[in-house]
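Per this note's numbering, residue 7 is the first one in the sequence shown, and the count goes up by one each step. Where is the CB? At the ideal position from N, CA and C, for every residue including glycine. To start, the structure under review is shown below, and the notes come after it.
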Amino acid sequence: MSYQLNWDMDSVFTGGSQSSELRTKIETLKEQIEQFHQTVELWDPEVDRLNYNHLKEVLNLSEKIGNSLSEAMTFSRGLLSANVRDKNAAKLTNELSTLYSSLSNSTTVLTKKYVGIDDADWADLLEIEPFNASAFPLNEQREQGKKLLSQNEEAVINALTNDGFKGWGDLYNSLVATVQVDFENKDGKVNSYSAGQAANLMGSAKDPETRQKMLEKWELAWASKSSLFADTLNHLAGFRLENYKLHGTEDFMARPLEYNRLKKETLDIMWDTITKNKPKVVEYLNRKAQLMGIEKLSWVDVTAPVSVGDFEPRHYSYDEAAEFIMENFSSFSNQMQKLAKTAFEDSWIEAEYRDGKRPGGYCANLPESEQSRIFMTFSGSAGNVSTLAHELGHAFHSYVMRDLPVMNRRYAMNVAETASTFAELVISDATVREASSEAEKINLLDSKNARAATMFMNIHSRYLFETAFYEERKNGIVTDDRLSELMVDAQKEAYQDSLSTYHPTFWASKLHFYNTGVPFYNFPYTFGFLFSLGIYARSLEEGSGFEEKYIALLRDTASMTTEALAQKHLNVDLTQPDFWQSAIDMVHADIDEYLELTAKYI
């Protein structure tokens with residue numbers, strides 16, 4: 007069967023960024039948000055305490071608005087991702103962001119009313135249907151409400167956020183759209199590529215010398231606008247730090263940890279255990295360099311494909327990738343396979359390789375349609391197949407939670423990355439298992455090990471950089487040159503100085519640093535990678551009976567802390583090194599097999 011390379015957005019709202027359906031939806035949302043505000047203002051917890059019927063109405067309306075806003079935002083952001091030059095889509099996205107701020111103002115009022123309820127009455131409220139099903143997120147909201155400023159102060163901050171904080175995030179996307187990278191082809195002709203196209207070309211180039219030349223051109227492209235990117239990053243961080251300070255903390259890690267429902271000791275023990283185990287990963291990197299005929303890998307070589315003999319890495323058509331993913335999902339979970347089948351057949355995925363798209367990939371939910379939309383650029387590599395599986399994992403996570411209250415669907419990024427990485431593991435293991443030759447197995451193991459190196463080292467460098475940057479930003483603006491210094495220092499520490507060249511402008515080219523939704527958009531990836539490895543190991547032990555347990559775990563991801571989730575469903579303590587070491591041991595097993603298979607090729 008042949009599958010469409012472009013997603014179907016007309017089934018959500020017809021007419022693209024000029025959609026009259028979307029315009030009607032937005033105008034309705036404005037009315038509903040005003041109604042919500044009035045309803046919240048009128049709610050008196052003392053009068054309502056008998057059965058809290060009025061609060062039920064408040065939360066039902068909040069849920070309806072939340073679903074509608076998510077539906078509209080996924081649509082508008084999707085249009086902008088697929089065409090960064092669609093100015094009307096950018097305008098719509100900004101308008102919807104303003105509606106989110108309006109909703110947030112009313113939610114602040116509601117939260118403050120929660121705080122005003124005494125503890126005994128609050129406990130009674132949480133015993134009543136339907137509030138008991140959402141006791142955890144409601145308690146969480148009430149606790150966070152204790153840190154809020156006055157209603158007017160919070161409203162001012164929200165109002166300034168759109169043209170301030172979020173405005174800087176939008177500016178970053180606009181700047182990225184102007185980045186052009188000039189690569190010279192074999193015939194000596196120079197072609198200009200968008201950031202997304204250039205990243206794909208650089209990653210798939212076959213020899214280290216070509217990749218190094220491309221990396222130099224890539225660096226030049228980002229460095230040419232480094233002062234603009236530095237201004238953007240500084241103001242994003244500055245806004246965050248001032249906002250934190252207003253809410254009583256100068257600890258810039260407090261909010262990321264709170265958002266991820268994670269203890270600092272859990273994060274620290276994860277990184278400590280990884281660092282102790284990095285020498286084995288360095289062994290892998292050194293062997294890869296030997297196979298490439300170079301002394302040390304450069305930054306861009308780490309994830310580049312490696313081949314032995316005359317083996318050429320397999321190129322997948324989009325249809326082949328789809329069939330491969332569906333076939334291997336079915337070996338673990340029929341529900342995962344069915345979800346993937348629906349996504350391909352109903353055109354949920356934007357995969358075309360073309361100019362004008364933003365770089366990267368993501369999955370966004372359409373709660374009213376009970377669907378998702380996946381964005382990526384597919385060029386046929388095994389890595390692209392893994393990325394596609396990764397995003398389908400996100401879609402599966404949303405799918406199994408579709409019938410839960412909105413509050414019980416707001417899972418944090420660290421556990422969000424669990425479902426996606428689990429799906430990726432299913433596919434990467436399948437490719438290794440089905441390798442038709444030793445050379446192909448080496449190539450595929452290399453891809454798996456490169457993924458682990460990214461999680462243990464690349465992501466760690468982002469965490470180290472961002473920590474150092476935020477610490478310096480407390481004292482004022484950090485220049486573009488200093489940002490590059492901090493970036494290289496972080497990369498050298500994270501990679502244990504095992505590379506020949508690094509990526510100084512990574513702070514500019516990596517969009518995660520500019521995300522206005524999630525602070526420290528890095529460590530959750532590594533957490534999700536290792537957490538999913540532990541879950542995957544459990545699934546291999548238990549076989550087909552594990553599907554139901556896995557879905558139960560996913561459905562609980564927004565209903566308890568991360569540590570409680572692991573304890574309940576896996577019976578493990580995340581604040582101790584044992585679980586992390588057991589997951590890392592699986593990576594070591596892959597590296598050992600790789601070292602054994604490649605020994606005769608050096």
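Counting every other CB atom within 10 Å of its CB across the protein chains shown gives Val421 a total of 16 or more, marking it as buried. In the displayed model, Leu303 falls within a strand according to three-state DSSP. Measuring C-alpha to C-alpha distances from Tyr476 to each of Glu333, Phe258, Gln147 and Ala445 identifies Phe258 as the nearest. The continuous beta strand (DSSP E) containing Val187 extends over residues Gln186 to Glu190. The DSSP-derived three-state label of Val287 is helix.
Judged by DSSP in its simplified three-state form, Arg217 adopts helix.
Our two residues, Gly534 and Thr424, have alpha carbons roughly 4 Å apart in a direct line. Cα atoms of Lys118 and Lys219: separation of roughly 56 Å, rounded to the nearest angstrom. Within 10 angstroms of the beta-carbon of Asn57 lie fewer than 16 other beta-carbons, which makes it exposed. Sequence-distant Cβ neighbours of Ser339 in its own chain, meaning closer than 6 Å and more than five residues away, are Glu553. Residue range Phe552 to Arg561 is occupied by the alpha helix (DSSP H) that includes Tyr556, with no beta strand (DSSP E) assigned at that position. For Arg457, the enclosing alpha helix (DSSP H) begins and ends at Glu444 to Ala459. Glu602 and Lys447 have their C-alpha atoms some 12 Å from each other. For the options Asn100, Ala141, Asn168 and Thr45, the alpha carbon positioned closest to that of Thr113 is the one of Thr45. Here Ile32 carries a helix assignment [DSSP, helix/strand/coil]. Ranked by how close their Cα comes to the Cα of Lys516, the residues Ile465, Gln41 and Phe537 have Ile465 in first place.
Per the coordinates, the alpha-carbon of Thr272 lies some 19 Å from the alpha-carbon of Asp562. Runs of the beta strand (DSSP E) lying entirely within the region 153 to 200, each at least 3 residues long, are 186 to 190 and 196 to 200 in chain order.
Ser8 counts as exposed, since fewer than 16 other beta carbons sit within 10 angstroms of its beta carbon. Put simply, of Tyr368, Tyr120, Leu75 and Lys152 the residue whose alpha carbon is nearest the alpha carbon of Leu144 is Tyr120.
Secondary-structure assignment with DSSP links Tyr368 through a beta bridge to Phe381. For Ile123, the secondary structure class from DSSP, reduced to helix, strand or coil, is coil. Per the DSSP secondary-structure output, Leu239 pairs with nothing in a beta bridge. In this chain, the alpha helix (DSSP H) harbouring Gln150 covers Ala141 to Gly151. Beta bridge pairing from DSSP links Ile355 with Ile380. Look at the beta carbons and you see the region 263 to 282 touching the region 567 to 579: at least three pairs across the two are nearer than 8 Å. Closest by C-alpha distance to Asp237, out of Gly540, Ile597, Ile590 and Tyr520, is Tyr520. Under a 10 Å Cβ-count criterion, Gly362 is classified as exposed, with fewer than 16 other Cβ atoms of the shown protein chains found around its own Cβ. Within the region 301 to 338, no complete beta strand (DSSP E) segment of 3 residues or longer occurs. The distance from the Cβ of Trp228 to that of Leu505 is about 18 Å, inconsistent with a contact at the 8 Å cut-off. With a cutoff of 9 Å on beta-carbon distance, Tyr290 and Asn455 are scored as near each other. About 7 Å separates the CB atoms of Leu155 and His253; that is less than 8 Å, so the two are in contact.
Excluding the 5 residues flanking it on each side, Ile483 has same chain C-beta neighbours closer than 6 Å at Asn240, in chain order. Buried is the label assigned to Thr532, since at least 16 other Cβ atoms lie within 10 Å of its Cβ. Within the region 386 to 412, the runs of alpha helix (DSSP H) that reach at least 4 residues and sit entirely inside it are, in chain order, 388 to 406. If you check the CB distance, Ala429 and Phe330 do not come in under 9 Å.
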